[in-house]
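Inspection log for the structure reproduced underneath, given as structure tokens.
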Amino acid sequence: MTVASASAHETAAASPRSLFRYVLGLADDALVLGHRLSEWSGRAPMLEEDIALSNLALDLIGQARLLYAYAGEVEGMGRDEDALAYLRDERAYSNVLLVEQPNGDFAATMVRQLLYAAFMHPYYQALSASADRRLAEIAAKAVKEMAYHLRHASEWVVRLGDGTEESHARTAAALDELWMYTGELFAMDEGERALAAAGIAVDRAAIRPRWDATVDAVLREAALKRPGECWMQSGGRSGRHTEHLGHMLAEMQVLHRAHPGATW
Amino acid sequence: MSASTTLPPPQDADLERARAAAAAVVDPEIPVLTLEDLGVLRGVERRDGRIVVSLTPTYTGCPATLAIALAVETALAEAGLADARVETVLAPPWSTDDISDAGRRKLKEFGIAPPERAQRGRGLFAQETVACPRCGSTRTLRISEFGSTACKALWRCEACAEPFDYFKCL
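Residue numbers (this note's numbering), protein chains in the order written: chain A, 1255 to 1518; chain B, 17 to 186.
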């Protein structure tokens, strides 16, 4: 392929359709994880963490709302944030598999939180320099919140990993269980690669060194062993989800679908 | 616009009234702070003849954002400016450095420790020092980085044994 045809190809791929798909993926990641965390409301192991997890959920749902609103505008079909959040089925959701995994115990929630926040913090930092002004603005806002998410999860993983025999075992088990979903954080399709080449999206591979460094530092402090290279599960971005997402969406969407157009 | 000795046109008086009305609205969760103290009032201008008041959210998911926008709309209507519009702007992102000195003083008097410094640069496991808003001691302990609202953390003073809210840096 010649350079000229490659750039023509990239321009075609960096279309409004690609931008819509890309923003939707970011929004779905944030909403699905936000909803998962909200499932802890009233059920966390202690009051302070109940409040913390609800706060984290609020941040993520707030980020999702901004991203959905923008995605809807880019798509130009009149879909607003509610239509995108409540009226799409599982196969139309494009979040990574990591964020839809069930909460499990508190250790599993904290490990999932660490793996996601260690990625999204530097990712939003890079995205705040996006050539797309709206995305840059949203990212500049979100990065400040993700700094708190990362610190919260890191402190808990250290406390649990370097805690009792039981907390160590549970945290190690969660890490082993969730590790195979981390590869998808770095995967990009053709449309997203074109957007990255155009300075709109962020090259996910470029985030890898910082993610590795953060995760390794926390695991070392937590006396946990980083899982070895393994086969990485994927499919979320193209709508092929684990069985857990459908159940989550059913609960999340039922009210809106049962009472279309209802308002407070 | 050229300099003039005549009275300002009526729309300028309206703009001033709109600014004063919006600036005096108080935060629904921290009622000692006005929007001006909080630093979320980003602009009051006339666009195509219509007054537009720009607000910026503190946290993206803060439930008070909507309540604040509604309160501003109400205040504008009460000031006789029902035609004015409220819009949200994200950039530059709000920071606790945007809280005015008066706002910081009011927070402390209300029993909330004002934010110490901007969040930037704080490392992964770094600790911060927060003075108790009641007795002033720095022998304080962070209980949780997340408190009763998105913007607050929960702390306890080891000197006077009182728990307190800390307006955390963003």
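Each residue gets a CB set at the ideal place from its N, CA and C atoms; glycine is no exception.
Self-check item: Extent of the continuous alpha helix (DSSP H) run through Val-1411 of chain A
Solution: 1387-1415
Practice problem: Report the residues of the stretch 1304-1316 of chain A with a CB closer than 9 Å to any CB of chain B, ordered along the chain. | Solution: Ile-1305, Ala-1306, Leu-1307, Ser-1308, Asn-1309, Leu-1310, Ala-1311, Leu-1312, Asp-1313, Leu-1314, Ile-1315, Gly-1316
Quiz item: Across which residues does DSSP place Ile-84 of chain B in a beta bridge pair?
Solution: Note: Ile-84 of chain B sits in no beta bridge, so no partner.
Quiz item: With a cut-off of 9 Å, does the C-beta of Ser-18 of chain B fall near any C-beta of chain A?
Solution: Low confidence applies to Ser-18 of chain B: its pLDDT is 48, below 50, so where it sits in the model is not reliable enough to give any reading.
Exercise. Check the Cβ-Cβ distances between Glu-1293 of chain A and every residue of chain B, and say whether any is below 9 Å.
Key: no
Quiz item: By the criterion of Cβ-Cβ separation under 9 Å, what are the contact partners of Tyr-1370 of chain A in chain B?
Solution: Correct list: empty, because the minimum Cβ distance to chain B is about 16 Å.
Practice problem: With a threshold of 16 other CB atoms inside 10 Å of the CB of Ala-1262 of chain A, please say whether the residue is buried or exposed. | Solution: For Ala-1262 of chain A, the predicted model reports a pLDDT of 42, less than 50, meaning its position is unreliable; a value from the coordinates is still stated below. Looking at its Cβ environment, which holds fewer than 16 other Cβ atoms inside 10 Å, Ala-1262 of chain A is exposed.
Quiz prompt | Runs of alpha helix (DSSP H) lying entirely within the stretch 30-54 of chain B, each at least 4 residues, in chain order | solution = 51-54
Exercise. Using beta-carbon positions only, say whether Leu-106 of chain B and Leu-1320 of chain A come within less than 9 Å of one another.
Key: yes
Self-check item: Of the listed residues A:Tyr-1347, A:Ala-1281, A:Arg-1275, A:Leu-1338, nearest to His-1510 of chain A (C-alpha basis)
Solution: A:Leu-1338
Practice problem: Can you say whether Arg-155 of chain B is buried or exposed, counting buried as having 16 or more other CB atoms within 10 angstroms of its CB? | Solution: exposed
Practice problem: Please name the residue in A:Asp-1430, A:Pro-1481, A:Asp-1470, A:His-1375 whose C-alpha comes closest to that of Val-1412 of chain A. | Solution: A:Asp-1470
Exercise. Express the C-alpha separation of His-1498 of chain A and Gln-1355 of chain A in angstroms, rounding to a whole number.
Key: 7 Å
Quiz item: Rounded C-beta distance between Val-42 of chain B and Trp-110 of chain B? I'm assuming under 8 Å.
Solution: The Cβ separation is near 17 Å, so there is no contact.
Exercise. With a floor of 4 residues, list each alpha helix (DSSP H) that falls wholly inside the stretch 99-138 of chain B, ordered by position along the chain.
Key: 117-125
Exercise. Name, going along the chain, the residues of the stretch 1393-1419 of chain A whose beta-carbon falls closer than 9 Å to a beta-carbon of chain B.
Key: Ala-1394, Lys-1395, Ala-1396, Val-1397, Lys-1398, Glu-1399, Ala-1401, Tyr-1402, Leu-1404, Arg-1405, His-1406, Ser-1408, Glu-1409, Val-1412
Quiz prompt | Per-residue contacts from Pro-131 of chain B into chain A (C-beta, under 9 Å) | solution = Result: empty, since nearest Cβ-Cβ is about 12 Å, beyond 9 Å.
Quiz item: Are the Cβ atoms of Leu-186 of chain B and Lys-1479 of chain A separated by less than 9 Å?
Solution: no
Practice problem: Just the C-alpha distance for Ala-80 of chain B and Asp-30 of chain B, rounded to the nearest angstrom, thanks. | Solution: 27 Å
Quiz item: Helix, strand or coil: which one does DSSP assign to Ile-1315 of chain A?
Solution: helix
Quiz item: Do you know offhand how far Leu-1503 of chain A's Cα is from Ala-1512 of chain A's?
Solution: 14 Å
Self-check item: Beta-carbon contacts of Tyr-75 of chain B that lie in its chain and below 6 Å, excluding the five residues immediately before and after
Solution: Ala-166
Quiz item: Using Cβ-Cβ distances below 8 Å, what residues of the stretch 151-176 of chain B are close to chain A?
Solution: Ile-159, Ser-160, Glu-161, Phe-162, Gly-163, Ser-164, Ala-166, Leu-170
Quiz item: Ala-107 of chain B CB to nearest chain A CB: under 9 Å?
Solution: yes
Quiz item: Where do the N-terminal and C-terminal ends of the beta strand (DSSP E) with Val-60 of chain B fall, by residue?
Solution: 57-63
Quiz prompt | Spatial distance of Phe-1373 of chain A from Ala-1451 of chain A (CA atoms) | solution = 20 Å
Quiz item: Does any residue of chain A bring its CB to less than 9 Å from the CB of Gly-55 of chain B?
Solution: no
Self-check item: Distance between Asp-28 of chain B and Phe-1360 of chain A (C-alpha atoms, nearest Å)
Solution: 57 Å
Practice problem: Would you give the residue range spanned by the beta strand (DSSP E) that Ala-169 of chain B belongs to? | Solution: 168-173
Quiz prompt | Segment contact, 8 Å Cβ cut-off, at least three pairs: the stretch 1447-1464 of chain A with the stretch 1378-1387 of chain A | solution = yes
Quiz item: Around the Cβ of Ala-1294 of chain A, are there at least 16 other Cβ atoms within 10 angstroms (buried) or fewer (exposed)?
Solution: Note on residue identity: the sequence assigns Trp, not Ala, to residue 1294 of chain A. Looking at its Cβ environment, which holds 16 or more other Cβ atoms inside 10 Å, Trp-1294 of chain A is buried.
Practice problem: Please go through the same chain and pick out, in chain order, the residues whose beta-carbon is closer than 6 Å to the beta-carbon of Ala-1390 of chain A, but skip the five residues on each side of it. | Solution: Ser-1382, Ser-1384
Quiz item: Candidates B:Leu-97, B:Lys-122, B:Phe-180: which alpha carbon is nearest Arg-35 of chain B's?
Solution: B:Leu-97
Practice problem: Thinking Ala-37 of chain B and Ala-95 of chain B are a contact (beta carbons under 8 Å), I'd like their distance in whole angstroms, please. | Solution: 4 Å
Quiz item: Any C-beta of chain B sitting closer than 9 Å to the C-beta of Leu-1320 of chain A?
Solution: yes
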